[in-house]
Amino acid sequence: MPPITLRGITVDFPFTPYECQKDYMSKVIECLQNKVNGVLESPTGTGKTLCLLCAALGWRDYFKDSISARKIAEKLGGAELFPDRPLSSWGTAATDGDTPMYYTDIPKIIYASRTHSQLTQVISELKNTSYRPKVCVLGSREQMCINPEVMRQESNHIKVHMCRAKVSTRSCVFYNNVEEKSSDKDIANSILDIEDLVKYGNKERVCPYYLSRSIKQQADIIFMPYNYLLDPKSRRAHNIELKGAVVIFDEAHNVERMCEESTSFDLTPYDLASSIDVVDKLLLEQARDTERGEVTADFNVESLNSELKLDITTIAKLKQILLDLEAAIDSFDVPSDKGITKPGSFIYELFQKAQLTFDTKAAILEALEQITGYLAGRPGIFMNTSGLQKLSDIIQLVFSIEPAEGSTGQHIEANTKQFKVHIHRDTSQHRKKQNTDVWSSSSSKKQAWPSRALTLTQHGHPAL
Ligand code: SF4
Numbered sequence: 001m002p003p004i005t006l007r008g009i010t011v012d013f014p015f016t017p018y019e020c021q022k023d024y025m026s027k028v029i030e031c032l033q034n035k036v037n038g039v040l041e042s043p044t045g046t047g048k049t050l051c052l053l054c055a056a057l058g059w060r061d062y063f064k065d066s067i068s069a070r071k072i073a074e075k076l077g078g079a080e081l082f083p084d085r086p087l088s089s090w091g092t093a094a095t096d097g098d099t100p101m102y103y104t105d106i107p108k109i110i111y112a113s114r115t116h117s118q119l120t121q122v123i124s125e126l127k128n129t130s131y132r133p134k135v136c137v138l139g140s141r142e143q144m145c146i147n148p149e150v151m152r153q154e155s156n157h158i159k160v161h162m163c164r165a166k167v168s169t170r171s172c173v174f175y176n177n178v179e180e181k182s183s184d185k186d187i188a189n190s191i192l193d194i195e196d197l198v199k200y201g202n203k204e205r206v207c208p209y210y211l212s213r214s215i216k217q218q219a220d221i222i223f224m225p226y227n228y229l230l231d232p233k234s235r236r237a238h239n240i241e242l243k244g245a246v247v248i249f250d251e252a253h254n255v256e257r258m259c260e261e262s263t264s265f266d267l268t269p270y271d272l273a274s275s276i277d278v279v280d281k282l283l284l285e286q287a288r289d290t291e292r293g294e295v296t297a298d299f300n301v302e303s304l305n306s307e308l309k310l311d312i313t314t315i316a317k318l319k320q321i322l323l324d325l326e327a328a329i330d331s332f333d334v335p336s337d338k339g340i341t342k343p344g345s346f347i348y349e350l351f352q353k354a355q356l357t358f359d360t361k362a363a364i365l366e367a368l369e370q371i372t373g374y375l376a377g378r379p380g381i382f383m384n385t386s387g388l389q390k391l392s393d394i395i396q397l398v399f400s401i402e403p404a405e406g407s408t409g410q411h412i413e414a415n416t417k418q419f420k421v422h423i424h425r426d427t428s429q430h431r432k433k434q435n436t437d438v439w440s441s442s443s444s445k446k447q448a449w450p451s452r453a454l455t456l457t458q459h460g461h462p463a464l
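The letter at position 343 of the sequence shown is residue 343 when you use full-length UniProt numbering, and the numbering goes up by one with no holes.
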């Protein structure tokens, strides 16, 4: 199929495009040339994904050529190599309007879809085109880990902590092969989705998770699910640089909901009760060790190689914070199933009752990180640290925007305008098994199960 030219850009489309497809691709190119955001709609079955890929990659190739041509021209003393080629087709991104600019970076394309299975379909469409960009697809350890010991763990956050510990001690053989394999030409020049990467990882005994992160640096196009892009925590964790990148959201009508979800949370009585239970057990353990004259707990170094660098007083303080938070939430009279709703800024008032503030958050997060890291993968009695992990995520979310020095409460009001705090009766699954779970098994004194759950949500989120 001969290539077509749209707005001065050569696009290699695998079929003869329909008029609507040409229009769609022209609009994509127009947005890229003018460096503007675009919202494009087209009926189902009109080949949107293929159009998006071909238009964006065609424009990128042209952009790349323009930079090479400029470099050569500069070396030749400024002579115009292609005097008859209109500069406008490079777009303002290449020329920055009337002033020609010298670009060394060719924009990466970030292609985000809602789910991994949708990404797999997009990647298979890419394989059907003539474009062969360097591709990277980002996934989670849950999907990509091939270390049998780590894969055996049920909880995702334990997998994460075990993996981190193994990476820091270079005790995962698959991780140790990443550096060598990431320069493998087969990998760099193949279009692989998650399943392909895992197959390659098993065959070559290399970690697919870290391999994909490593090839990300050289990738021309990076595929990822929305939440990697929209959730600031995830963006940081995956080191995703948005500056100068072309970002494509496929099926963008889901974006608003994903944004709301990534900044909303539910904290159930079970989360707090299980957190208190873990801290309590740790406290007892530490007290026993201190009595025996040991300063820090000792454990299987090979499986974690980390020690708990927290003194007993800090652990006791953390327990008090958890108890205070539980009491603060449970102190509300919730008259009906609807619960009570407060403005978003109320979350700070509530957390303050448990000494959770902008001033204390760093120390609390550090303590939570220490404990979850220490307990992950520790041989012996399993301790469920998912509640502590969740609390750590919530604290990071709530205190993510530091108030400027000397700023008043107005700052908080403005930042929380879109949110609501909801305190309601607990309807979680764990409530149904309340007397057989953590409360009854962890303590000889049977305690009453707190019945209030806390939700922070943006307006319009279905949780309300
Ligand atoms: S480095 Fe890779 S294979 Fe090893 S534990 Fe971590 S995710 Fe799994």
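Glycine is no exception: its CB is placed at the ideal position from the N, C-alpha and C atoms.
* **Complete runs of the beta strand (DSSP E) confined to the segment 256-281 [at least 3 residues]** => Given a length threshold of 3 residues, each whole run of the beta strand (DSSP E) inside the segment 256-281 is given here in chain order: 265-267.
* Asked: In whole angstroms, what separates the C-alpha of V137 from that of L323?
  -> Position 137 of the sequence shown, counting from 1, holds the residue named residue 137. Position 323 of the sequence shown, counting from 1, holds the residue named residue 323. When rounded, the distance between both Cα atoms is 42 Å.
* Asked: If we ignore side chains and look at the alpha-carbon of each, how far apart do R236 and S214 end up?
  -> For the purposes of this step, residue 236 is identified with residue 236 of the sequence shown, where counting begins at 1. For the purposes of this step, residue 214 is identified with residue 214 of the sequence shown, where counting begins at 1. The straight-line gap from Cα to Cα measures roughly 15 Å.
* **Any residue whose CB is nearer than 6 Å to a heavy atom belonging to the ligand SF4, listed in chain order** => Counting every residue whose Cβ lies closer than 6 Å to a heavy atom of the ligand SF4, we get R141, C145, I146, N147, V150, C163, K166, V167, C172, F174, Y175, C207, Y209, Y210.
* Look up Y18 in the DSSP assignment and say whether it is helix, strand or coil. => Taking the first residue of the sequence shown as 1, we reach residue 18 at position 18. If DSSP states are grouped into helix, strand and coil, Y18 belongs with coil.
* Reduced DSSP category for D96 - H, G, I as helix; E, B as strand; rest coil -> Counting from 1 along the sequence shown, the entry for residue 96 is found at position 96. For D96, the predicted model reports a pLDDT of 43, less than 50, meaning its position is unreliable and no value from the coordinates is stated.
* Are the Cβ atoms of H116 and I194 separated by less than 9 Å? -> Mapped onto the sequence shown, residue 116 falls at position 116. Mapped onto the sequence shown, residue 194 falls at position 194. Yes, they are a contact pair.
* Own chain residues within Cβ distance below 6 Å of L50, not counting five before or after -> The sequence position of residue 50 within the sequence shown is 50, counting from 1. Cβ within range, chain order: E125.
* For S130, which option in L57, E142, T120 has the closest C-alpha, if you only look at C-alpha atoms? -> Reading the sequence shown from its first residue, position 130 is the one you call residue 130. The shortest CA-to-CA distance from S130 to any of L57, E142, T120 is the one to L57.
* Assign C54 to one of three DSSP states: helix, strand, or coil. => What you label residue 54 is simply residue 54 of the sequence shown in a count that begins at 1. Three-state result, C54: helix.
* May I have the straight-line CA-CA distance separating H161 from I221, to the nearest angstrom? => Here the question's residue 161 lines up with position 161 in the sequence shown. Here the question's residue 221 lines up with position 221 in the sequence shown. Straight across, the Cα-Cα distance linking H161 with I221 is about 29 Å.
* Could you please give the first and the last residue of the uninterrupted alpha helix (DSSP H) stretch that includes F174? => Looking up residue 174 in the sequence shown gives position 174. Here the alpha helix (DSSP H) through F174 covers 173-176.
* Relative to the C-alpha of N239, which residue among F346, K216, D280 is closest? -> Position 239 of the sequence shown, counted from the start, is the residue given in the question as residue 239. Ranking the options by Cα distance to N239, first place goes to K216.
* To do: Ignore the nearest five residues each way along the sequence and tell me which others in D280's own chain have a CB closer than 6 Å to its CB.
  => Taking the sequence shown and counting its residues from 1, one reaches residue 280 at position 280. For D280, where only same-chain residues beyond five positions count, there are no Cβ hits under 6 Å.
* Asked: Just checking my contact of Q396 with K233 at CB under 8 Å: how many whole Å lie between their CB atoms?
  -> Here residue 396 is taken as the residue at index 396 of the sequence shown, counted from 1. Here residue 233 is taken as the residue at index 233 of the sequence shown, counted from 1. Yes, they are in contact, since the Cβ atoms of Q396 and K233 sit about 6 Å apart, within 8 Å.
* Can you round the beta-carbon distance between Y209 and C145 to whole angstroms, since I take them to be within the 8 Å contact cut? -> The count along the sequence shown starts at 1 and reaches residue 209 at position 209. The count along the sequence shown starts at 1 and reaches residue 145 at position 145. Confirmed, about 6 Å.
* Going by CA-CA distance only, name the one from Q121, W59, D289 that's closest to F223. => For the purposes of this step, residue 223 is identified with residue 223 of the sequence shown, where counting begins at 1. Nearest C-alpha to F223: Q121.
* Please state if the CB of K48 and the CB of D250 are separated by a distance shorter than 9 Å. => Here residue 250 refers to the residue found at position 250 when the sequence shown is read from its first residue. Here residue 48 refers to the residue found at position 48 when the sequence shown is read from its first residue. Yes, they are a contact pair.
* Asked: From I248 to S331, what does the alpha carbon distance come to, in whole angstroms?
  -> Taking the first residue of the sequence shown as position 1, residue 248 is located at position 248. Taking the first residue of the sequence shown as position 1, residue 331 is located at position 331. Near 46 Å, if we compare the C-alpha coordinates of S331 and I248.
* **Helix, strand or coil at K342 according to DSSP, with G and I counted as helix** => In the sequence shown, counting from the first residue as 1, residue 342 sits at position 342. K342: strand per DSSP, three-state reduction.
* Going by beta carbon distance, what residues of the same chain come within less than 7 Å of A354, once the five residues before and after it are set aside? -> On the sequence shown, position 354 is the one that residue 354 refers to. Cβ neighbours of A354 within its own chain (closer than 7 Å, five residues either side excluded): I321, D324, L325, A328.
* Residue nearest to Y111 in terms of C-alpha spacing, selected from G373, K27, T455, L52 -> One-based indexing of the sequence shown puts residue 111 at position 111. Looking at the Cα atoms, L52 is the closest of the given residues.
* **For K420, three-class secondary structure by DSSP** => Within the sequence shown, the letter at position 420 stands for residue 420. The DSSP-derived three-state label of K420 is strand.
* Pick out whichever of K75, V11, L318 has its Cα sitting closest to the Cα of Y62. => The residue you call residue 62 lines up with position 62 of the sequence shown. Checking every option, the nearest Cα to that of Y62 belongs to V11.
* Asked: So M224 is in the beta strand (DSSP E); what residue range does that whole segment cover?
  -> Numbered from 1 along the sequence shown, position 224 holds the residue referred to as residue 224. It spans 221-225 - the beta strand (DSSP E) in which M224 sits, taken as one unbroken run.
* **Meets three-Cβ-pair contact criterion under 8 Å: the segment 265-285 and the segment 382-390** => Yes, the segment 265-285 touches the segment 382-390.
* Are the beta-carbon atoms belonging to I187 and Y175 less than 9 Å from one another? -> In the sequence shown, counting from the first residue as 1, residue 187 sits at position 187. In the sequence shown, counting from the first residue as 1, residue 175 sits at position 175. For I187 and Y175, no; Cβs fall outside 9 Å.
* Asked: Going along the chain, which unbroken runs of the beta strand (DSSP E) with 3 or more residues stay wholly within the segment 111-161?
  -> 135-137
* **Opening and closing residue of the alpha helix (DSSP H) in which residue 467 lies** => Past the boundaries of the shown model lies residue 467; the chain is included only from 1 to 464, so the question cannot be answered.
* Asked: Where do the N-terminal and C-terminal ends of the alpha helix (DSSP H) with T313 fall, by residue?
  -> The count along the sequence shown starts at 1 and reaches residue 313 at position 313. Start and end: 312-330.
* Asked: Excluding five sequence neighbours on each side, which residues of the same chain lie with their C-beta closer than 8 Å to the C-beta of V246?
  -> Within the sequence shown, the letter at position 246 stands for residue 246. Closer than 8 Å at the Cβ level, and outside the excluded window around V246, lie L32, A56, R60, P107, K108, I109, I110.
* What residue from M383, N128, L283 has the CA that sits closest to C54's CA? -> By one-based count along the sequence shown, residue 54 stands at place 54. Ranking M383, N128, L283 by Cα distance to C54 puts N128 first.
* **R452 in three-state terms, based on DSSP** => Along the sequence shown, one-based indexing puts residue 452 at 452. In the structure shown, R452 sits in a strand (DSSP, three-state: E or B).
* Asked: What is the DSSP secondary structure of V39, counted as helix, strand or coil?
  -> As a first step, residue 39 is located in the sequence shown; it is residue number 39 there, counting from the start. Residue state, collapsed to three classes: coil.
* From L197 to D426, what does the alpha carbon distance come to, in whole angstroms? -> In the sequence shown, residue 197 corresponds to position 197, counting from 1. In the sequence shown, residue 426 corresponds to position 426, counting from 1. Between L197 and D426, the C-alpha separation is close to 42 Å.
* So, I315 versus F419, is the Cβ gap smaller than 9 Å? -> In the sequence shown, residue 315 corresponds to position 315, counting from 1. In the sequence shown, residue 419 corresponds to position 419, counting from 1. Not in contact: I315 and F419 (Cβ atoms no closer than 9 Å).
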